[in-house]
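One structure is given here, and the rest of the page talks about it.
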Ligand SMILES: *[C@@H]1O[C@H](CO)[C@@H](O)[C@H](O)[C@H]1NC(C)=O
Ligand SMILES: [Ca+2]
Ligand SMILES: [Ca+2]
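In mature numbering (1 follows the signal peptide of the UniProt record, and there is no 0), the protein residues as written are -17 to -1, 1 to 293.
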């Protein structure tokens, strides 16, 4: 259980924020992004005539030259501000117009270890997620490509069938875990703003409730009992997790890709993950709606509240 929490915090801290959109590395690695570009220009550049200097830039004095250079660079290479989804890289055409094109899988950096391998829904091991997404991109427009998703982190392996009895245990642990993750975020969130003020107020109520089940190993009976007794404490964590995942786009539905940051690391550890999320999509339309999500975590219909998600 502790492992889950550490794991999740990593997700919440990093991956959750930007699981899908990565700025692709273009031909000029030096200017990968603006932050990287700044330290490169440490010597003042002398000749710089009028490049539409705005008052803010003038105010920064010694840095203004550097800032102008960056802007020129952005202008020269439209790829620096052009985001491509995973599996694609930006290239410019003859008119200097940026285009996203499929990445060549052989151009992906080789994995440094097994932990970088990913398993696709085709049950094929891909060297890294870069290789996976490049392969998926090459299949774009085909049925095969449409069906191919990143299934989980790590090489493909045998995953035990999830029995009915085991399936029922999954939400018990997951809910408890979500609640603990939020409480931990609250405790650590002094200035890193992982939670908004509104969210903090909600978690504060859980945190200050002395009847709260403390984090730790609990029997399934105790988890089930606590859910019944302290049901209200679980409503917000279930909504919060939905909001964390529903980002591309924010529309009240989770696609396979949106669910991936939660699913992918969990599957190798929890063999009921796949079945749980499959059954969560009660109407089998391939999307998990907030109502479906709440229901599979045992939140009652009348307690589903879109306003809790934000
Ligand atoms: C997927 O591949 C792994 C390892 O190659 C194998 O052990 C497992 O049985 C396969 N799973 C399915 C569903 O075919
Ligand atoms: Ca969505
Ligand atoms: Ca659905």
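Built from N, CA and C at the ideal position, the CB exists for glycine as well.
Since this is a predicted model, take the numbers as computed values, not measurements.
Cα atoms of residue 217 and residue 138: separation of roughly 34 Å, rounded to the nearest angstrom. The shortest CA-to-CA distance from residue 238 to any of 166, 112, 129, 106 is the one to 129. In the structure shown, residue 125 adopts coil according to DSSP, grouped into three states. Taking 9 Å as the cut-off, the beta carbon of residue 255 is found no closer than this to the beta carbon of residue 102. Put simply, of 235, 270, 259, 279 the residue whose alpha carbon is nearest the alpha carbon of residue 289 is 235.
By the Cβ rule, the segment 256 to 274 does not count as touching the segment 180 to 200, because fewer than three pairs are nearer than 8 Å.
Secondary structure at residue 94: coil, using DSSP grouped into helix, strand and coil. In the pairwise beta carbon analysis, the segment 225 to 233 is classified as not touching the segment 169 to 176: fewer than three pairs are separated by under 8 Å. Counting only the Cα atoms, residue 199 lies some 18 Å from residue 212.
The C-beta distance from residue 185 to residue 210 rounds to 18 Å, too long to meet the 8 Å contact threshold. If you check the C-beta of residue 248 against ligand 2, you find no heavy atom less than 8 Å away. Checking the 8 Å criterion, the Cβ of residue 229 is out of range of every heavy atom belonging to ligand 3. Residue 82 sits away from residue 91, with the two beta carbons spaced by 9 Å or more. Here the alpha carbon of residue 201 sits roughly 41 Å from the alpha carbon of residue 119.
DSSP lists 85 as the beta-bridge partner residues of residue 71.
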